[in-house]
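A.B. asks:
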Amino acid sequence: MDPYTCPSCRNKMRFHIMDQQPVSVKLNPQTGEMIGYIDATDMMAQPYKGEARLVQCALCGLNGGEALFIKAAQRM
Ligand SMILES: [Zn+2]
Numbered sequence: 019m020d021p022y023t024c025p026s027c028r029n030k031m032r033f034h035i036m037d038q039q040p041v042s043v044k045l046n047p048q049t050g051e052m053i054g055y056i057d058a059t060d061m062m063a064q065p066y067k068g069e070a071r072l073v074q075c076a077l078c079g080l081n082g083g084e085a086l087f088i089k090a091a092q093r094m
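According to the numbering used here, the sequence shown is numbered sequentially starting from 19.
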């Protein structure tokens, strides 16, 4: 794991780490009931492109992708 620094308050120690585990589902449009999963052959759907890991500074509350905090640590 790389060092983090909050780019807002410069905290280097206390963070909330939220690992993303997206579940790609198909829902019934009327009821919201889950009817299946999106599979790799589904030409209508793009794969998940969001952050793999989100970080929140436990001191000032700044939220961002992990790269934001790693890059701040490399600059300081
Ligand atoms: Zn902060």
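Idealized CB from N, CA, C, for every residue including glycine. Owing to the predicted nature of the structure, the values given are computational and were not obtained by experimental measurement.
With 16 other CB atoms within 10 Å as the buried threshold, where does Glu84 fall?
C.D. replies: buried
A.B. asks: For the alpha helix (DSSP H) that contains Arg71, what are its first and last residues?
C.D. replies: It is not in any alpha helix (DSSP H) - Arg71 instead sits in the beta strand (DSSP E) that spans Arg71 to Cys75.
A.B. asks: By Cβ distance, which residues of its chain are closer than 8 angstroms to Met36, with the 5 residues on each side in sequence left out?
C.D. replies: Arg71, Leu72, Val73 and Gln74
A.B. asks: Going straight from the alpha carbon of His34 to that of Leu77, what length do you get?
C.D. replies: 10 angstroms
A.B. asks: Look up Ile53 in the DSSP assignment and say whether it is helix, strand or coil.
C.D. replies: Ile53 falls in the strand class under three-state DSSP.
A.B. asks: Could you have a look at Lys30 and say whether DSSP puts it in helix, strand or coil?
C.D. replies: coil
A.B. asks: Identify the residues that DSSP records as bridge partners of Asp37: which are they?
C.D. replies: Residue pairing for Asp37: DSSP places it in a beta bridge opposite Arg71.
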